[in-house]
Amino acid sequence: MYHLLIIITTLSFSSINITFAVDEAFPSIPTTFSVATKQHYDVKPIHHEVYDGERKIYDISHQYTPELPVWESSEGLGNFLRLAVSMKNGSDANISKMELSVHSGTHVDAPGHFHDHYYESGFDTDSLDLQILNGPALLVDVPRDKNISAEVMKSLHIPRGIRRVLFKTLNTDRRLMFKKEFDSSFVGFMVDGAKWLVENTDIKLVGLDYLSFAAYDEAPATHRFILERRI
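Sequence positions in the sequence shown follow mature numbering (1 follows the signal peptide of the UniProt record, and there is no 0) and run -21 to -1, 1 to 210.
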């Protein structure tokens, strides 16, 4: 099954004491904060949806919360955000301090993630092409009983000309992004699936529904292959 989406690259950070509702365009985790004087905090922030003619831009990034899963951690993200300077303590402004692993939540891999020569040459996320990262994307349902191999890729019949594909897998059904303990049994790409993608499609952006696009047991080899080709 195919669906066409407009995607934008974002990071969603939760603040401190208001409840955010889950809606169609923002499938994020509800978060609550406590406030000292409730009467001043009855307003709620609004998610602004952007339209371009008939098309709708969806923010599919997960909110950063203490329960967000982190690579190979059983503790989740933890207390990553604190108010370092507070107006309640007499300061003129509120200033937050944040500390977290960048390999958590909704993120993008730079070429230097698995290639040291790229890392040393400055190929970080600033080097990524925004025209690739933003625009229409094909949402594809993947067979639920297997990792994404060459055989699976062939069965999806993704047409030439498609540049961005989001793969919906068993990870979504299992709600792995809503469980703080890292789960190495997640669905991802195998090396032969990545090779089939490169050789038989025009895809330049691959998105999956967990912390890695590559299956856990083949993560290094699959990452090296795909990132060497700047995908």
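Every residue gets a Cβ at the ideal spot worked out from N, C-alpha and C, and that includes glycine.
Buried or exposed for residue i, please, with buried defined as at least 16 other CB atoms from any protein chain shown within 10 angstroms of its CB.
{"i": "N179", "result": "exposed"}
{"i": "G69", "result": "exposed"}
{"i": "H96", "result": "exposed"}
{"i": "H202", "result": "buried"}
Considering only C-alpha positions, which residue in the set the options is nearest to residue i?
{"i": "R208", "options": "I182, S75, P45", "result": "I182"}
{"i": "K133", "options": "L187, W50, W175, P115", "result": "W175"}
{"i": "H82", "options": "P90, A72, V49, V177", "result": "V49"}
{"i": "G84", "options": "M77, Y189, S53, G167", "result": "Y189"}
{"i": "D124", "options": "G55, A63, L117, S164", "result": "S164"}
{"i": "V131", "options": "M169, A116, N68", "result": "M169"}
{"i": "E46", "options": "D38, I39, L56, S40", "result": "L56"}
My output table needs one value for residue i: the three-state DSSP class, helix, strand or coil.
{"i": "A116", "result": "strand"}
{"i": "V81", "result": "coil"}
{"i": "K133", "result": "helix"}
{"i": "I39", "result": "coil"}
{"i": "F157", "result": "helix"}
Could you compute how far the alpha carbon of residue i sits from the alpha carbon of residue j?
{"i": "V144", "j": "R61", "result": "36 Å"}
{"i": "S191", "j": "P90", "result": "14 Å"}
{"i": "K76", "j": "S65", "result": "11 Å"}
{"i": "I8", "j": "Q42", "result": "With a pLDDT of only 41 at I8, under 50, the local geometry of the prediction cannot be trusted, and the value read off the model is given with reservation. If you take the alpha carbons of I8 and Q42, they lie about 6 Å apart."}
{"i": "P199", "j": "H86", "result": "17 Å"}
{"i": "S52", "j": "D162", "result": "9 Å"}
{"i": "K67", "j": "F59", "result": "21 Å"}
{"i": "P122", "j": "V22", "result": "43 Å"}
{"i": "G186", "j": "A116", "result": "9 Å"}
{"i": "L206", "j": "D71", "result": "45 Å"}
Any 3 or more C-beta pairs closer than 8 Å across the stretch 151 to 166 and the stretch 102 to 115: They do not touch, by the three-pair rule.
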